[in-house]
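Visitor: Heads up: the sequence shown is residues 4 to 435, going by my numbering.
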Amino acid sequence: MNDFKQEPAFDHRWLEALAQWCKKGQEANAGLVDLYLERRLELRLHIRRNAQWIEECRTEGTAVRTRTDLRHEIVAATGTSPKTIAHLLSGPLDTRELHLQRPLPPPDLDAPRGWRNTAEALVEATSLSDATVFLFERRAAIIRPGQWQEIHTPLLIRLQTPIPSSSSLLATWNHAGLTEWAPLVSASPQHKGWQPDSGEQLPVVFTAGTSGVLMHELVGHLLEGDVISNGGSPLDAGEASIVGPPTLFVTDDPTRFDLPGAFSSDDEGVTAEAIPLLEGGIVCGALCDRFTANKLGRTPGRGRRAAWNRAPVPRMSNLVAAPGRTNPEALENDQKRGLVVTRLSGASVDPRSGRVILRVEQGWELRHGRRRRALAPFDLGGDVLGILRLIDPNLGNDPTPDWRLGWCLKAGLTLPTGSEAPTMLVRSLEVV
């Protein structure tokens with residue numbers, strides 16, 4: 004559980020004063036959309052064979068969005084002081100009264116007690132002598148004319164090793180699975196393992212957790228508002244389009260604070276709520292910021308900022324696929340010849356073509372329901388709609404978070420995301 008208690012990051016009376024002041028600006032037709040304040044703490048514990056040291060990075064910044072005839076514009080600066088805010092708003096609004104405001108000094112962002120001991124224990128569990136543990140804390144507030152909202156996100160911990168072939172771990176602080184996942188970080192792929200022939204079409208079982216990466220690419224990214232509004236999503240045939248089996252239910256849920264992509268409200272001040280994306284294999288939702296929601300006639304709530312000086316864009320939070328009733332072992336036992344994937348090193352999707360590439364890092368060849376040869380790294384591919392329609396309706400009864408998904412890269416910007424999914428069988432995928 005993410006049981007680290009957070010103090011308010013900003014003076015609430017100051018936020019209320021800013022909200023009322025922004026309201027005056029709105030009445031003056033200054034084109035103000037919102038004011039965003041953010042503070043971040045990043046700690047790095049480097050553990051090497053004969054040494055340990057800690058690096059600390061604290062940042063804070065302010066961003067102002069204004070509306071023009073054609074688009075939103077953003078200006079940003081380091082710091083969250085009244086002077087910084089007044090400087091950013093000096094163009095559209097009269098800021099003289101801002102200089103009279105004196106907010107209470109914010110409390111320092113601090114790591115939880117004993118975090119270093121926890122970090123050392125994680126590294127010890129990997130059996131590696133070299134590793135780095137990161138601790139991330141982010142606190143923010145969004146101010147709109149007449150209203151404000153603090154944004155709470157979970158404290159995150161990341162374990163990274165210098166070994167190129169090993170995975171990184173990203174999880175919420177004190178997650179119950181950390182002690183189980185840490186030893187898996189150092190497990191290297193079998194580079195001398197077996198590899199199926201290019202062009203083969205084989206059934207593939209994606210173990211619990213790993214299938215979350217599949218849903219992240221096939222469903223999450225392709226139902227983000229900017230992808231849909233640009234006409235680049237193969238899932239954009241309108242709501243009620245049947246794209247998967249009747250047992251497939253997928254939701255994006257930022258209220259799951261046990262997963263890394265959680266938040267109390269998005270970075271545009273919309274209170275966090277789960278958004279169903281697929282119900283019974285039917286498209287029923289989309290992930291939009293305020294701009295794309297207005298354009299598409301959808302509900303907002305997924306405007307996320309990669310940093311305080313970046314504009315919010317539509318991004319998923321925690322993608323959750325509901326479990327089925329099938330014992331996951333039965334999905335393997337039914338295969339005369341196929342593959343089981345236990346770890347993906349990455350994946351990508353081209354929204355325009357609908358082509359998906361899945362980079363297999365670890366897994367096994369299946370023969371008559373039994374795991375035979377370990378797999379060497381290789382790629383699997385297919386088109387989005389084809390893969391979704393080939394997902395077997397018998398889903399595993401083992402919903403599992405994927406600790407490897409972690410940071411999601413889109414348009415060069417990274418954000419923490421999470422996933423939870425059961426074991427899934429795709430009846431046919433192409434070996435690239």
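Every residue, glycine too, gets a C-beta built ideally from N, C-alpha and C.
Which residue comes first and which comes last in the alpha helix (DSSP H) that contains Ala-124?
Guide: From DSSP, the alpha helix (DSSP H) with Ala-124 extends over 118-129.
Visitor: Could you check the C-alpha separation between Glu-27 and Arg-346 for me, to the nearest Å?
Guide: Note that residue 27 is Lys in the sequence shown here, rather than Glu. Distance between the alpha carbons of Lys-27 and Arg-346 is about 54 Å.
Visitor: With 16 as the cutoff for other CB atoms within 10 Å, does His-224 come out buried or exposed?
Guide: The residue is buried, with at least 16 neighbouring Cβ atoms inside 10 Å.
Visitor: Relative to the C-alpha of Asp-229, which candidate in Arg-318, Ala-124, Ile-57 has its C-alpha closest?
Guide: Per the Cα distances, Arg-318.
Visitor: Whose CA, out of Thr-182, Pro-354, Asp-113, Gly-306, lies closest to the CA of Phe-139?
Guide: Out of Thr-182, Pro-354, Asp-113, Gly-306, Asp-113 has the C-alpha closest to the C-alpha of Phe-139.
Visitor: Which residues in the same chain as Gly-82 place their Cβ atom closer than 8 Å to its Cβ, once the five residues preceding and following it in sequence are excluded?
Guide: Around Gly-82: Glu-63, Gly-64, Thr-65.
Visitor: Less than 8 Å between C-beta atoms, sequence neighbours within five positions excluded: which residues of the same chain meet that for Trp-410?
Guide: Only Leu-173, Thr-417, Leu-418, Pro-419, Thr-420 meet the Cβ criterion.
Visitor: Any heavy atom of the ligand ATP within a distance shorter than 7 Å of the CB on Leu-138?
Guide: Absent from the structure shown: the ligand ATP. Ligands present: none.
Visitor: From Ala-22, Arg-47, Pro-404, pick the residue whose C-alpha is nearest to that of Ile-160; which is it?
Guide: Answer by Cα proximity: Arg-47.
Visitor: Taking just the CA atoms, how far does Pro-110 sit from Arg-142?
Guide: In a straight line, the C-alpha of Arg-142 is about 11 Å away from that of Pro-110.
Visitor: Return the Cβ separation of Ile-278 and Ser-244 in integer angstroms, given the expectation that the two are a contact with Cβ distance under 8 Å.
Guide: Contact doesn't hold; Cβ gap of about 16 Å is too wide.
Visitor: Report the CB separation of Leu-281 from Gly-247 in whole angstroms; it is logged as a contact under 8 Å.
Guide: So it is a contact: roughly 6 Å between Cβ atoms.
Visitor: Considering only residues of the stretch 399-428, which uninterrupted alpha helix (DSSP H) runs meet the minimum length of 4 residues and lie entirely inside it, listed in chain order?
Guide: Entirely contained in the stretch 399-428, not one alpha helix (DSSP H) run reaches 4 residues.
Visitor: Tell me, which residues are paired with Ile-390 by DSSP?
Guide: DSSP lists no partner for Ile-390.
Visitor: Is there contact between the stretch 367-383 and the stretch 143-160, where contact requires at least three CB pairs shorter than 8 Å?
Guide: Contact fails: fewer than three Cβ-Cβ distances are below 8 Å.
Visitor: Within 8 Å of any Cβ in chain D, is that where the Cβ of Phe-137 sits?
Guide: No chain D appears in the structure shown, which is made up of a single protein chain.
Visitor: When you compare the stretch 248-267 with the stretch 292-300, are there three or more beta-carbon pairs, one atom per stretch, that lie closer than 8 Å?
Guide: The stretch 248-267 vs the stretch 292-300: no contact.
Visitor: If you check the beta carbons only, do Leu-322 and Gly-180 fall under 8 Å apart?
Guide: Contact flag unset, no.
Visitor: Does Gln-365 pass the burial test, meaning 16 or more other C-beta atoms within 10 Å, or should it be called exposed?
Guide: When all chains shown are included, Gln-365 counts as buried.
Visitor: Note down, in chain order, each residue of its chain lying with its Cβ closer than 6 Å to the Cβ of Ala-274, except the 5 sequence neighbours on either side.
Guide: It is Thr, not Ala, that sits at residue 274 in the sequence shown. Correct list, in chain order: Ser-268.
Visitor: Going by C-alpha to C-alpha distance, which of Glu-433, Leu-432, Ser-422, Leu-125 sits closest to Ala-211?
Guide: Looking at the Cα atoms, Ser-422 is the closest of the given residues.
Visitor: Among residues of its own chain, excluding the 5 on either side of Gly-283, which ones have a beta-carbon nearer than 8 Å to its beta-carbon?
Guide: Excluding residues within five positions, the ones whose Cβ falls inside 8 Å are Pro-249, Thr-250, Leu-251, Phe-252.
Visitor: Among Leu-162, Pro-199, Asp-37, Pro-380, whose alpha-carbon lies nearest the alpha-carbon of Ser-132?
Guide: Nearest C-alpha to Ser-132: Leu-162.
Visitor: Identify, in the order they occur along the chain, each residue of the same chain with its Cβ nearer than 8 Å to the Cβ of His-75, setting aside the five sequence neighbours on each side.
Guide: Same-chain partners within the cutoff: Val-36, Arg-68, Thr-69, Phe-294, Ala-314.
Visitor: Under the assumption that Ile-50 contacts Ala-134 (Cβ atoms under 8 Å), give the Cβ distance between them as a whole number of angstroms.
Guide: Right, their Cβ atoms sit about 5 Å apart.
Visitor: Excluding the 5 residues preceding and the 5 following Gly-264 in the sequence, name in chain order all residues of the same chain whose CB lies nearer than 6 Å to its CB.
Guide: So the qualifying residues of the chain are Ser-320, Asn-321, Pro-419, Thr-420, Gly-421.
Visitor: For Gly-341, which residues from the same chain have a beta carbon less than 6 Å from its beta carbon, with the 5 sequence-adjacent residues on both sides left out?
Guide: Contacts found: Leu-205, Pro-206, Leu-369.
Visitor: Just to confirm the assignment: which complete alpha helix (DSSP H) runs, minimum length 4, are found wholly within the stretch 191-228?
Guide: Taking only runs of at least 4 residues, the alpha helix (DSSP H) segments lying wholly in the stretch 191-228 are 213-218.
Visitor: Using the DSSP secondary-structure output, state which residues sit across from Asp-382 in a beta bridge.
Guide: Bridge partners of Asp-382: Arg-362.
Visitor: Determine, using beta carbons only, whether Leu-388 and Pro-237 come nearer to each other than 8 Å.
Guide: Closer than 8 Å, so yes.
Visitor: In the DSSP assignment, the beta strand (DSSP E) including Trp-56 goes from what residue to what residue?
Guide: Trp-56 -> beta strand (DSSP E) spans 54-70.
Visitor: Would you identify the three-state DSSP class for Gly-28, choosing helix, strand or coil?
Guide: In the structure shown, Gly-28 sits in a helix (DSSP, three-state: H, G or I).
Visitor: To the nearest angstrom, how far is it from the Cα of Thr-329 to the Cα of Asn-400?
Guide: About 5 Å.
Visitor: Using alpha carbons as the reference points, say which of Gly-196, Ala-333, Trp-176 lies closest to Asn-397.
Guide: It is Ala-333.
Visitor: According to DSSP, is Ala-185 part of a helix, a strand, or is it coil?
Guide: DSSP places Ala-185 in helix when its eight states are reduced to three.
Visitor: Near Gln-193, what residues of its chain come up, given a Cβ to Cβ distance below 8 Å and the 5 sequence neighbours on each side ignored?
Guide: Once the five neighbours on either side are set aside, the close Cβ partners of Gln-193 are Gln-365, Ala-377, Leu-378, Ala-379.
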